[in-house]
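Beneath this line is the structure, given in structure tokens, with notes to follow.
Protein chains: 2
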Amino acid sequence: MSTTSSTPPTPSKSVTARALSVLGAFSAVTPRLNLSQISRATGLPVATVFRLAGELEDGGFLQRDGSNFYSLGIKLWEMGLLTPVHGRLREIAMPFLLNLQYRTRETVQLAVLDGLDAVYVEKLTSEVSVPIQSRIGSRIPLHATAVGQVLLAYSDSGLIDQVVDSPLTKYTEETITSKRTLLRELSNVRDRGYAYSASEYLPGAVAIAAPVFVGGKIEAACGVVNYDNRADIEECYSSLQEACTGFAARLEELKKSGQSY
Amino acid sequence: MSTTSSTPPTPSKSVTARALSVLGAFSAVTPRLNLSQISRATGLPVATVFRLAGELEDGGFLQRDGSNFYSLGIKLWEMGLLTPVHGRLREIAMPFLLNLQYRTRETVQLAVLDGLDAVYVEKLTSEVSVPIQSRIGSRIPLHATAVGQVLLAYSDSGLIDQVVDSPLTKYTEETITSKRTLLRELSNVRDRGYAYSASEYLPGAVAIAAPVFVGGKIEAACGVVNYDNRADIEECYSSLQEACTGFAARLEELKKSGQSY
DNA sequence: ACTAATTTTTTCATTCAGTGAAAAACTATT
DNA sequence: AATAGTTTTTCACTGAATGAAAAAATTAGT
Numbered sequence: 622m623s624t625t626s627s628t629p630p631t632p633s634k635s636v637t638a639r640a641l642s643v644l645g646a647f648s649a650v651t652p653r654l655n656l657s658q659i660s661r662a663t664g665l666p667v668a669t670v671f672r673l674a675g676e677l678e679d680g681g682f683l684q685r686d687g688s689n690f691y692s693l694g695i696k697l698w699e700m701g702l703l704t705p706v707h708g709r710l711r712e713i714a715m716p717f718l719l720n721l722q723y724r725t726r727e728t729v730q731l732a733v734l735d736g737l738d739a740v741y742v743e744k745l746t747s748e749v750s751v752p753i754q755s756r757i758g759s760r761i762p763l764h765a766t767a768v769g770q771v772l773l774a775y776s777d778s779g780l781i782d783q784v785v786d787s788p789l790t791k792y793t794e795e796t797i798t799s800k801r802t803l804l805r806e807l808s809n810v811r812d813r814g815y816a817y818s819a820s821e822y823l824p825g826a827v828a829i830a831a832p833v834f835v836g837g838k839i840e841a842a843c844g845v846v847n848y849d850n851r852a853d854i855e856e857c858y859s860s861l862q863e864a865c866t867g868f869a870a871r872l873e874e875l876k877k878s879g880q881s882y
Numbered sequence: 622m623s624t625t626s627s628t629p630p631t632p633s634k635s636v637t638a639r640a641l642s643v644l645g646a647f648s649a650v651t652p653r654l655n656l657s658q659i660s661r662a663t664g665l666p667v668a669t670v671f672r673l674a675g676e677l678e679d680g681g682f683l684q685r686d687g688s689n690f691y692s693l694g695i696k697l698w699e700m701g702l703l704t705p706v707h708g709r710l711r712e713i714a715m716p717f718l719l720n721l722q723y724r725t726r727e728t729v730q731l732a733v734l735d736g737l738d739a740v741y742v743e744k745l746t747s748e749v750s751v752p753i754q755s756r757i758g759s760r761i762p763l764h765a766t767a768v769g770q771v772l773l774a775y776s777d778s779g780l781i782d783q784v785v786d787s788p789l790t791k792y793t794e795e796t797i798t799s800k801r802t803l804l805r806e807l808s809n810v811r812d813r814g815y816a817y818s819a820s821e822y823l824p825g826a827v828a829i830a831a832p833v834f835v836g837g838k839i840e841a842a843c844g845v846v847n848y849d850n851r852a853d854i855e856e857c858y859s860s861l862q863e864a865c866t867g868f869a870a871r872l873e874e875l876k877k878s879g880q881s882y
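Note that the protein sequences, when read in sequence, are chains A and B.
Quick note on numbering: the first sequence equals residues 622 to 882 in the working numbering.
Quick note on numbering: the second sequence equals residues 622 to 882 in the working numbering.
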């Protein structure tokens with residue numbers, strides 16, 4: 622069907638985009654792939670993948686083991702450590718998060734906005750129980766979690782429109798899936814200054830989250846979660862609030878002084 | 622001068638290689654760069670960098686802040702966490718490293734080979750003093766550190782040749798810089814089964830390191846370091862040895878069972 | 001041991017996407 | 001207002017990426 626007619630099946634991605642999509646074929650559940658698997662996953666012809674994967678390997682972004690399987694390369698990990706979200710955000714946030722964890726005895730989390738979802742940057746748990754879901758580095762929906770709603774609520778209207786108009790995946794009975802309801806909820810969040818979410822993503826998880834502003838713009842969201850449906854999680858608010866403002870102040874400070882990136 | 626004559630200044634790197642070199646412009650000391658800085662750093666014309674950086678940004682591998690400065694993107698960090706070196710090696714090694722740290726009360730480290738140098742994968746310190754140098758994720762020379770020498774000693778001769786024939790940077794008075802001496806030292810390492818290095822990289826640092834074999838091939842090196850020039854570091858050997866074999870056995874085990882990547 | 005099936009690698013004519021010089025549009029800085 | 005350092009757009013050119021197809025290598029099945 623390729624040469625016959627009308628719209629090209631692939632909107633002709635750039636070489637760079639293709640190379641990145643090769644990397645994108647790897648995930649937590651598929652950390653090891655061979656050429657044809659990558660080809661299938663990306664939709665690129667295997668000869669093309671062969672070349673691209675070779676170049677990514679040369680750059681250290683992929684590595685190939687004895688049996689012709691590729692996995693993500695060390696260079697990738699190395700550069701990941703240089704990312705602001707790791708070296709700056711996480712590092713600076715840590716003492717505030719630890720203190721928050723200590724005071725509330727709940728699971729605390731730090732998330733940032735990236736693209737159309739939130740990403741967990743750090744997560745501190747006291748109990749070792751729940752962790753299956755939502756590992757550090759994993760992405761979570763903006764419309765169905767407390768941190769997500771906070772991040773969204775204070776984003777520019779362009780992004781908000783984009784999200785509310787996209788299909789809102791229903792994770793639980795409580796998940797907000799209607800545009801109207803979500804917009805109203807976001808407005809509530811802005812009114813109260815924090816988000817409250819009960820079982821909207823994981824049944825039984827109750828959470829509140831608050832924004833971290835630096836230079837008037839939201840930079841991250843801090844949250845407190847309890848997995849036993851404890852309705853009194855809102856009592857943690859003052860501690861949460863304190864952590865957020867403390868953290869924000871520290872970021873602001875560092876931004877002013879040495880630009881500290 | 623471009624069109625005039627002879628050899629092309631850049632040996633015409635592929636698009637992918639150029640894109641990666643844009644990423645490579647970022648480092649711990651230059652985590653924020655604008656277009657022209659990237660252009661300078663990579664030798665690519667700014668119009669080209671403009672396009673490449675744009676595509677990398679679209680892919681989440683770069684992010685641009687308000688003042689047109691780029692830094693490494695969240696996607697990069699996210700994918701770094703999926704790397705075997707993080708999810709597999711580091712995770713599995715941790716209990717053994719902790720135990721080793723507990724028993725020796727010294728700084729313990731885990732490193733792997735990548736390209737022509739060693740990379741610190743993990744590092745546990747009791748004292749908070751020394752850390753300036755050698756952060757996790759940083760690269761260290763193969764010829765001048767205990768972990769490096771171990772990794773090198775058990776590598777295939779091809780790599781050994783390549784390293785001993787390359788210029789051996791002299792970091793301290795004790796650094797081995799002659800090919801003959803280095804080859805002899807590597808042979809010593811293989812004879813003893815571990816490497817001993819005193820002040821070859823950092824003055825005052827004394828270290829021993831041992832290999833972690835899986836499937837007959839060296840996969841990593843574990844080391845114990847003391848920064849006060851304590852000559853009796855070799856007393857840690859039995860603990861180190863134990864950690865390495867324990868760790869290796871666990872890796873071997875996981876390799877056999879579910880392929881566990 | 002042989003065949004079949006799958007995967008990796010090479011080759012190569014085609015063409016299309018990347019290129020980069022140059023100009024234009026911004027943004028400070030003095 | 002003028003200058004210097006940026007980012008962004010444009011565009012004609014061409015060389016580099018492409019991917020079908022064949023060859024080589026590897027694996028699986030009988």
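Each residue gets a CB set at the ideal place from its N, CA and C atoms; glycine is no exception.
is_contact[residue i, chain B] using C-beta, thresh 8 Å
{"i": "A/Glu676", "result": "yes"}
{"i": "A/Thr631", "result": "Low confidence applies here, because A/Thr631 scores a pLDDT of 38, under 50, leaving its location unreliable; read the following figure in that light. By this cut-off, A/Thr631 is not an interface position."}
{"i": "A/Asp735", "result": "yes"}
{"i": "A/Gly780", "result": "The sequence as given places Leu at residue 780 of chain A; Gly does not occur at that position. Chain B contact via Cβ: absent."}
{"i": "A/Phe647", "result": "yes"}
{"i": "A/Ile829", "result": "no"}
{"i": "A/Ile695", "result": "yes"}
{"i": "A/Thr637", "result": "yes"}
{"i": "A/Glu699", "result": "yes"}
{"i": "A/Gly680", "result": "yes"}
{"i": "A/Pro652", "result": "yes"}
{"i": "A/Ser841", "result": "Note that residue 841 of chain A corresponds to Ala in the displayed sequence, not to Ser. Answer no: the Cβ-Cβ gap between A/Ala841 and chain B never drops below 8 Å."}
{"i": "A/Ser755", "result": "no"}
{"i": "A/Ala662", "result": "no"}
Backbone CA spacing between residue i and residue j [nearest angstrom]
{"i": "A/Ser692", "j": "B/Pro705", "result": "7 Å"}
{"i": "B/Thr866", "j": "B/Glu874", "result": "12 Å"}
{"i": "B/Leu772", "j": "B/Ala646", "result": "27 Å"}
{"i": "B/Leu731", "j": "B/Pro832", "result": "10 Å"}
{"i": "B/Leu718", "j": "B/Leu804", "result": "29 Å"}
{"i": "B/Val670", "j": "A/Ala674", "result": "22 Å"}
{"i": "B/Asp782", "j": "B/Arg711", "result": "29 Å"}
{"i": "B/Ile659", "j": "B/Val643", "result": "7 Å"}
{"i": "B/Thr802", "j": "B/Met715", "result": "34 Å"}
{"i": "A/Arg685", "j": "B/Cys843", "result": "23 Å"}
{"i": "A/Phe868", "j": "A/Gln722", "result": "14 Å"}
{"i": "B/Glu727", "j": "B/Asp849", "result": "11 Å"}
{"i": "B/Lys877", "j": "B/Val667", "result": "50 Å"}
{"i": "B/Glu676", "j": "B/Ser635", "result": "15 Å"}
{"i": "A/Arg661", "j": "B/Arg851", "result": "56 Å"}
{"i": "A/Ala816", "j": "A/Val810", "result": "5 Å"}
{"i": "A/Leu665", "j": "A/Gly687", "result": "24 Å"}
Below-8 Å beta-carbon distance, residue i vs any chain A residue
{"i": "B/Gly705", "result": "Checking the sequence shown, residue 705 of chain B turns out to be Pro, not Gly. Interface residue, yes."}
{"i": "B/Ala869", "result": "no"}
{"i": "B/Leu772", "result": "no"}
{"i": "B/His668", "result": "First, the amino acid is wrong: residue 668 of chain B is Ala here, not His. It does not; no Cβ of chain A falls within 8 Å."}
{"i": "B/Val768", "result": "no"}
When the options are compared against residue i, the one with the closest alpha-carbon
{"i": "B/Gln770", "options": "B/Asn850, B/Ala870, B/Asp849, B/Ala830", "result": "B/Ala830"}
{"i": "A/Ser759", "options": "B/Arg756, B/Leu703, B/Leu644", "result": "B/Leu703"}
{"i": "B/Thr790", "options": "B/Arg811, B/Tyr817, B/Ile761, B/Gly836", "result": "B/Ile761"}
{"i": "A/Ile854", "options": "A/Leu656, A/Leu677, A/Arg724", "result": "A/Arg724"}
{"i": "A/Ser747", "options": "A/Val729, A/Ile659, A/Ile757, A/Arg756", "result": "A/Val729"}
{"i": "B/Val872", "options": "B/Asp812, B/Gly836, B/Ser635, B/Val643", "result": "Before going further, note that residue 872 of chain B is Leu rather than Val in the sequence given. Nearest of B/Asp812, B/Gly836, B/Ser635, B/Val643 to B/Leu872, Cα basis: B/Gly836."}
{"i": "A/Gly680", "options": "B/Pro788, B/Gln722, B/Arg639, B/Val784", "result": "B/Arg639"}
{"i": "B/Gly889", "options": "A/Thr798, A/Ala842, A/Gly708", "result": "A question about residue 889 of chain B goes unanswered here, because the residues of chain B that appear run from 622 up to 882."}
{"i": "A/Gly814", "options": "A/Ser859, A/Glu795, A/Ser657", "result": "A/Ser859"}
{"i": "A/Val827", "options": "A/Asp812, A/Val845, A/Glu840", "result": "A/Val845"}
{"i": "B/Asn689", "options": "B/Arg811, B/Leu677, B/Leu641, B/Leu656", "result": "B/Leu656"}
{"i": "A/Arg756", "options": "A/Val636, A/Ser778, A/Ser648, A/Asp786", "result": "A/Ser648"}
{"i": "B/Val742", "options": "B/Thr651, B/Asn847, B/Ala841", "result": "B/Ala841"}
{"i": "A/Gly825", "options": "A/Asn847, A/Tyr817, A/Ile839", "result": "A/Asn847"}
{"i": "B/Arg653", "options": "B/Leu683, B/Gly664, B/Thr637, B/Leu665", "result": "B/Leu683"}
Proximity test, residue i beta-carbon vs the ligand FMN heavy atom, cut-off 7 Å
{"i": "B/Gly701", "result": "For the ligand FMN, the structure offers nothing, since it holds no ligand at all."}
Those runs of the beta strand (DSSP E) which lie wholly inside the region 775-849 of chain B and span at least 3 residues:
816-819, 827-835, 838-847
So, do the region 697-704 of chain A and the region 729-740 of chain A have three or more beta carbon pairs nearer to each other than 8 Å?
no
Using a Cβ distance threshold of 8 Å, determine whether the region 762-769 of chain A contacts the region 818-827 of chain A, with at least three qualifying pairs required.
yes
Is it the case that the region 804-813 of chain B contacts the region 774-782 of chain B, given that we only count it when at least three CB pairs across the two stretches are under 8 Å?
yes
Complete runs of the alpha helix (DSSP H) confined to the region 722-771 of chain B [at least 4 residues]
none
At 4 residues or longer, what runs of the alpha helix (DSSP H) sit wholly inside the region 679-724 of chain A?
695-701
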